[in-house]
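Student: These protein sequence lines are chains F and E, in that order. Going by this note's numbering, the residue at position 200 of the first sequence is 241; the numbering climbs one at a time, nothing skipped. Going by this note's numbering, the residue at position 59 of the second sequence is 74; the numbering climbs one at a time, nothing skipped.
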Amino acid sequence: MNAAIENICSLGLKILKVHQSASEKALEQSRHWKLEERQKEERAALQQSFNVGEIVLGQLDVAMQRMEPEFLSAAAVAIDQNLPRFEEAFVTMRHAALDLLRWTQRAGRIEGSALPDEYRASYAQLISFAPEFKPRLEALQQELLELAHDPEADKSVQALLSAITRYNGALDAARRFIQAIVEPPLELVFQETNLFIEDWKSYPIEERGRLASDLNDCCQFLLYDEAEFNKRAEAVNPQLPEGLEASLFVLPVDTVRILFTVDEDPVFGQLTVTLLRAVRSDCHDEACESIIQTLYSELTGGASHG
Amino acid sequence: MAEMKPMLDEYGIIYEALKKLPDNKLKVEFLESLAELEDNACHRTRSFPKTRLHRVSGVKQTIYRADINKVSGWRLHLQYVNGNIALKDVIEGRRHDDTLKVIKTKKGRYQ
Chain F
42 MNAAIENICS LGLKILKVHQ SASEKALEQS RHWKLEERQK EERAALQQSF NVGEIVLGQL
102 DVAMQRMEPE FLSAAAVAID QNLPRFEEAF VTMRHAALDL LRWTQRAGRI EGSALPDEYR
162 ASYAQLISFA PEFKPRLEAL QQELLELAHD PEADKSVQAL LSAITRYNGA LDAARRFIQA
222 IVEPPLELVF QETNLFIEDW KSYPIEERGR LASDLNDCCQ FLLYDEAEFN KRAEAVNPQL
282 PEGLEASLFV LPVDTVRILF TVDEDPVFGQ LTVTLLRAVR SDCHDEACES IIQTLYSELT
342 GGASHG
Chain E
16 MAEMKPMLDE YGIIYEALKK LPDNKLKVEF LESLAELEDN ACHRTRSFPK TRLHRVSGVK
76 QTIYRADINK VSGWRLHLQY VNGNIALKDV IEGRRHDDTL KVIKTKKGRY Q
């Protein structure tokens, strides 16, 4: 995360320096908008949101491991105390980043400069961190909800539940902020099949949290770092008619293998991840074979024109 | 007049379809399908009510499937190339395997 922050900030300063040379007006407006000072504010805000996240997640981790009133209360207090700082940081960050980008499109415009796009892409790295912890949070929320059904449940259960709801709201807002900066050309969409849902239900809730975390983490790389995606997921290459290549992948997570396809869909403006199976490694070959047969029977069965 | 989306037929799929389709009703429906796929308004709004155009899952090439007739299962395969649509194949319907039917969609991340 620190590396991501460093990347965003150094790119921001580089844009400022390079694009100020576009014209006198560019320089004048950058001073008028206080872009340089706001770059410093952006750095501080990014750092602050990271620190807050660390404090809250630390407390939540303890609460998850020891579901006792004392630790649940401590996590709820940590969220309540730190949430305003988190929200404040994201507003500063968003305004600084969006103003910098607006300036590069107006007074500071340099035709053909790749820097604004690089800066947008650097923000995408931040999104990749959110999915790592959100499924864990949701697993805890689920567990607390079950505890809350008991009329004798300690009041710390309810306190932490409502704190997590507020925290989730803030995280979603933060994610939307970042999305507004990044504006990826294609939207990432996950689709679940019947078979996958059946498999998924067979795993305990904590394991599902971890699997979803790894899956999100891996697939977010599709938006901005395909090489990293290919390091995490292995391509499956069945024999297809000439001119066709499979987009079938398997993601290994401990003893589980998640089979999915990744399809770029320019007509509907999305990058679709279709989740097909989630099986234990000893069943992987059989599941893979059966998926290939079902998925490609139409393409291999009929005549195809390259 | 409707704004048209360019459509390529370099493999003679229209000729092949008119030979293969068993009756006039299907041939007329085939022409209706082509009309929808060429209609730029459908592409702009991303809405294809007649053909239910959708991406074929599992291949890197941007291949799409469109219905000629939903019930009989006759359909078209198309490929999206540099902003144009190219007709690739006309396919006689067969039953789909429901196990791979998509039943839920989640945007942005999996949860």
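In this text, a Cβ means the ideal position worked out from N, Cα and C, and glycines have one as well.
(1) Just the Cα atoms here: how many angstroms apart are His346(F) and Trp89(E)?
(2) Using 8 Å for Cβ pairs, my map puts Ile238(F) next to Ser163(F). What's the rounded Cβ distance?
(3) For Ser308(F) and chain E, any beta-carbon pair shorter than 8 Å?
(4) Three or more beta-carbon pairs under 8 Å between the region 174-181 of chain F and the region 241-252 of chain F, yes or no?
(5) I need the DSSP call for Val86(E), collapsed to helix, strand or coil.
(6) In three-state DSSP terms, what is Lys58(F)?
(7) What's the gap between the Cα of Leu139(F) and the Cα of Ile222(F)?
(8) Please tell me whether Gly88(E) has its Cβ less than 8 Å away from any Cβ of chain F.
(9) Got a sec, what are the start and stop residues for the beta strand (DSSP E) Pro293(F) sits in?
(10) Report the residue from Glu305(F), Arg298(F), Val132(F), Lys175(F) whose alpha carbon sits nearest the alpha carbon of Glu247(F).
(11) Between Tyr337(F) and chain E, is the shortest Cβ-Cβ distance under 8 Å, so that the two count as touching?
(12) Quick one: Cα of Met42(F) to Cα of Arg67(E), how far?
(13) So if I threshold CB-CB distances at 8 Å, which residues from the region 273-293 of chain F count as touching chain E?
(14) Return the chain-ordered ranges of every alpha helix (DSSP H) run that is complete within the region 176-238 of chain F and spans a minimum of 4 residues.
(15) Is it a yes or a no for the region 266-274 of chain F touching the region 37-50 of chain E, going by three-plus beta-carbon pairs under 8 Å?
(16) Pairing CB atoms from the region 147-165 of chain F with CB atoms from the region 54-65 of chain F, are three or more of them under 8 Å?
(17) Going along the chain, which residues of the region 102-125 of chain F sit with their C-beta nearer than 7 Å to a C-beta in chain E?
(18) Can you check whether the C-beta of Asp304(F) is within less than 8 Å of a C-beta belonging to chain B?
(19) For a contact meaning CB atoms closer than 8 Å, what does Thr313(F) contact in chain E?
(20) Is there a C-beta anywhere in chain E that falls below 8 Å from the one on Ala344(F)?
(21) Which class does Lys34(E) belong to by DSSP, given the choice of helix, strand or coil?
(22) In chain order, what residues of the same chain have a beta carbon less than 7 Å from the beta carbon of Leu54(F), not counting five sequence neighbours either side?
(23) Counting only Cβ pairs nearer than 9 Å, list the residues of chain F close to Thr77(E).
(24) Just how far apart, CA to CA, sit Gln220(F) and Gly284(F)?
(25) Can you tell me the Cα-Cα spacing of Asp195(F) and Thr335(F), whole angstroms?
(26) On the DSSP letters alone, give me the boundaries of the beta strand (DSSP E) that Val311(F) sits inside.
(27) First and last residue of the alpha helix (DSSP H) that includes Asp140(F)?
(28) Using a Cβ-Cβ cut-off of less than 8 Å, list which residues of the region 40-61 of chain E approach chain F; keep chain order.
(29) Determine the closest residue to Leu49(E) out of Pro64(E), Asp38(E), Pro37(E), with distance taken between C-alpha atoms.
(30) Can you have a look at Ala215(F) and say buried or exposed, based on whether 16 or more other CB atoms are within 10 angstroms of its CB?
(31) From the DSSP output, which residues share a beta bridge with Val74(E)?
(32) By the three-class DSSP mapping on this structure, what secondary structure does Lys20(E) have?
(33) Determine the burial state of Gln280(F): buried for a count of at least 16 other Cβ atoms within 10 Å of its Cβ, exposed for fewer.
(34) When DSSP labels each residue in this structure, what does Thr302(F) get in the three-state scheme?
(35) What alpha helix (DSSP H) runs, 4 residues minimum, are completely inside the region 240-283 of chain F?
(36) Is Tyr95(E) close to chain F? Criterion is C-beta to C-beta, closer than 8 Å.
Tutor: Taking the geometry as given:
(1) The pLDDT assigned to His346(F) is 38, lower than 50, so where the model puts this residue is not dependable; a value taken from the coordinates is nonetheless given after this. Rounded to the nearest angstrom, the two C-alpha atoms are 17 Å apart.
(2) Not confirmed; about 36 Å, so no contact.
(3) Note on identity: in this sequence residue 308(F) is Val, with Ser being the wrong assignment. Nearest CB-CB separation between Val308(F) and chain E: below the 8 Å threshold.
(4) yes
(5) coil
(6) helix
(7) 6 Å
(8) no
(9) 289-294
(10) Lys175(F)
(11) It does: the Cβ of Tyr337(F) has a partner Cβ on chain E nearer than 8 Å.
(12) Straight-line measurement puts the Cα of Arg67(E) at about 42 Å from the Cα of Met42(F).
(13) If you check each beta-carbon in the region 273-293 of chain F against every beta-carbon of chain E, the ones closer than 8 Å belong to Leu281, Gly284, Leu285, Glu286, Ala287, Ser288, Leu289.
(14) 196-223
(15) no
(16) yes
(17) none
(18) Looking for chain B here will not work: the only protein chains present are F and E.
(19) Under the 8 Å cutoff, chain E gives Arg70, Ser72.
(20) At Ala344(F) the pLDDT is 38, less than 50, meaning the model places this residue with poor confidence; the figure from the coordinates comes in the next sentence. At least one chain E Cβ lies under 8 Å of Ala344(F).
(21) helix
(22) Gln80
(23) Near Thr77(E) (Cβ distances below 9 Å), the residues of chain F are Asp304, Glu305, Asp306, Pro307, Val308.
(24) 35 Å
(25) 50 Å
(26) Per the sequence shown, the amino acid found at residue 311(F) is Gln instead of Val. Note, Gln311(F): beta strand (DSSP E), 311-321.
(27) Following the DSSP letters along the chain, one finds Asp140(F) inside the alpha helix (DSSP H) bounded by residues 110-146.
(28) His58, Arg61
(29) Checked all of Pro64(E), Asp38(E), Pro37(E); the closest Cα to Leu49(E) is Pro64(E).
(30) If you draw a 10 Å sphere on the C-beta of Ala215(F), you find 16 or more other C-beta atoms in it, and that means buried.
(31) Ala287(F)
(32) coil
(33) exposed
(34) strand
(35) 246-265, 267-273
(36) yes
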